[in-house]
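The structure appears below as structure tokens.
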Amino acid sequence: MTWLEQLRNSRFPILAISVLLVLLVAGLLISVASERAIREQMAREAGAQADLLASAVSGALAFGDRAAAQDYVDAVQVNPNVLAAAVYDERNRLVASFARPGQDIPAVARPRDHATTLFRDGRLIVVRPVEQGGQRLGTARLRLMDDPPMQRFMRYASLILVLALGALAVGILAVAQTALMRANRELADQAQALRDQIRDREKAEEALRQSQKMEAIGRLTGGIAHDFNNLLMVASSGIELLERTTDPERRRKLSEGVRQAVARGAALTSQLLAFSRQAPMKSAVLDLRGQIEGLRFMLERSLREDIALVIDIPGDLWPVEADAGELELALLNLAINARDAMPEGGTFTLSARNLAGSAETPDAVRLEITDTGVGIPEATLSRVFEPFFTTKEVGRGTGLGLSQVYGFARSSGGSVEVRSQPGAGTTFAITLPRTRKAPPPAPAPSAGASDRESGGAAVRRVLLVEDDDGVADSVGQMLERLGLDHVRAETAPAALALFEADPAFDLVVSDMVMPGGMDGLTLARTLHDRAPTLPILLTTGYSAAAAAAGSEFPLLLKPYRLEDLDQALRTVAAGRGA
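The opening position of the sequence shown corresponds to residue 493 in my numbering, with each subsequent residue numbered one higher.
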């Protein structure tokens, strides 16, 4: 009996057919389940992208900004599965759209489309309403590939592979092992394809977030322009009235008004730089008890008479290392917010305590700032540190105050938290790491002008490097007021030429950002190489330049007062650094 007859007489054919049928049914079930899972995943991802688009264009539809809406629609093109997209306003008029070659712009099927996700005619159609503040502004529509070629290939390959394995797996263990290996490879390919889709979706989301950030900057412009126009109005009218009056008391009040306007402008600029995280930090070891007590007067002036100020700082509070100016600005921002939250009066409490660390967390100091105001709604609580976010009307807030508080805490190596309930007040908690360094001793009284010395010789002659004529004139008058002679150079190359011709300068004061191919930092380095003992003071009002200076040379930030310049010159001349 041949092997073929033995095979025909045995139960092997029945077993083979049974195994083949079982494998075929299993393959069909797996394919159906895989098809359903893939479609559900596609629907979720497409819905998420449509939600992002609808959220992004809400502001553009609210303000009728077609260009911005088109930018948001163009951003979804990074997803290759998106065939076409469109945004319609509340009257179903097309506002922005795009379509790949051979595709039509998604049309409005009904007068008022609701949120839908459906597969139709081999395509995935997603519709999302665009709403803001409960008001419907329009709809966003996406058309995507229902069955991308790669996924179709994967599914068909799976079915073919299962059938082939069914035919080969009858009684052959080696073939079964090969099939398992091939199935594992296919699962890896499917996982990689899914990761690629997720990466494409993240790119689209990042593009939309960037567009939303630009929209937020646009919302900020009105408030910033309003504040600066008010400050410029105070300054310009005060200067004009100063020229028209000789009454000493009147001139004193006008001068004070102009000085306050300049101080407010500098504070607003400081908030902007703190938000951008480009303002140079001047960290120092701080005694918080003395620092906050010294701020009591400013806090009282920031609050109203019907708001009680309570400061509870223990005497054994640990020192911290932070920027004293940024700390004071953060506390003043919180005081102003608390004042606005207590229109009928209340209590503003500033307390502090030591937090002992553990193996995982270091020692820290916790500042708690509490008010008894109206509280913050839960819907708003998660956005209070968001840059440019404000619930105040235009002109009363820029949305940068709490952003500065957040930036200060993070830049100091700490954190900030907020707790609040409507009607039960609000508490902000700033946690700063403890430092083992000792606070510096109290500064000695300022010496007279004759005691401003550099290396034992009195400072009399200053090289002033400043390209702006107005600034150069103002600083020159300050130097003259301090009893110093000065020679001005408009550029760094001109300053080098002056120094080469006459090196008898006792000190150099230079702006950092200047024309002429050489900036102030390069000039300072060049002069230091040629005259290592020559004191050099850099000044700037530009945050990126200030950050570049680091601690290499002493730095004085614009705008500054006569007292600030005097103290900086004394410090540089004495060789004590910035």
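Idealized CB from N, CA, C, for every residue including glycine.
As the structure is a computational prediction, the values presented were derived from the model and not from experiment.
In this structure, His606 is the residue among Leu780, Glu1055, His606 with its C-alpha nearest to the C-alpha of Tyr580.
DSSP places Glu836 in no beta strand (DSSP E); its state is neither H nor E. The beta carbon of Arg743 lies closer than 8 Å to those of Leu734, Thr737 in the same chain, with the five residues before and after it left out.
Glu623 is bridged by DSSP to Arg628. Within the same chain, Cβ atoms closer than 8 Å to the Cβ of Leu778 are found at Pro811, Val812, Glu813, Ala814, Ala816, Leu819, Pro931, the five residues on either side in sequence being excluded. Per DSSP, the continuous beta strand (DSSP E) segment holding Thr919 begins and ends at 918-925. Boundaries of the beta strand (DSSP E) harbouring Val954: 953-957, taken from the DSSP string. Closest in alpha carbon position to Glu1055, among Leu971, Leu999, Gly865, is Leu971.
Per DSSP, Thr1018 is one residue of the alpha helix (DSSP H) stretching across 1012-1022. The Cβ-Cβ distance between Pro1046 and Met1010 does not fall below 8 Å.
The segment 722-731 and the segment 567-581 do not touch, with fewer than three beta-carbon pairs separated by less than 8 Å. Restricting attention to Asp1058, Phe789, Val857, Gln533, the CA atom closest to the CA of Gly807 is found in Val857. Taking each of Thr864, Ala554, Arg691, Phe900 in turn and checking the Cα distance to Gly915, the smallest one comes out for Thr864.
Here Tyr580 carries a strand assignment [DSSP, helix/strand/coil]. In this structure, the straight-line span from the alpha carbon of Ala1066 to that of Val1000 is close to 14 Å. Setting aside the 5 residues that flank it on each side, Asp638 is surrounded in the same chain by Phe611, Gly614, Arg615, Leu616, each with a C-beta closer than 6 Å to its C-beta; the list follows chain order.
Per DSSP, reduced to three states, the secondary structure at Asp815 is strand.
With a beta-carbon spacing of about 11 Å, Met1006 and Leu1030 fall beyond the 8 Å limit used to define contacts. Check the Cα spacing between Ile828 and each of Arg845, Arg693, Ile784, Leu894: the tightest is with Leu894. Inter-residue distance for Leu672 and Ala685 is about 20 Å (C-alpha atoms, whole angstroms).
Cβ-Cβ distances below 7 Å link Glu982 to Asp959 in the same chain, with the five nearest sequence neighbours on each side left out; the list follows chain order. In the DSSP assignment, Ser850 is bridged to no other residue. Residues Ala833 of the same chain have their beta carbon placed closer than 6 Å to that of Val866, with the five preceding and five following residues left out of the count. In this structure, the straight-line span from the alpha carbon of Asp563 to that of Asp688 is close to 24 Å. In the three-state scheme derived from DSSP, where H, G and I count as helix and E and B as strand, Arg928 is classed as coil. Comparing C-alpha distances from Glu860 to each of Pro995, Gly1008, Pro869, Arg911 shows the shortest one belongs to Arg911. Each residue's CA atom was taken as its position, placing Thr841 and Asp804 some 8 Å apart. Straight across, the Cα-Cα distance linking Glu694 with Glu582 is about 29 Å. Ranking Asp855, Gln913, Ala758 by CA distance to the CA of Thr872 puts Gln913 first.
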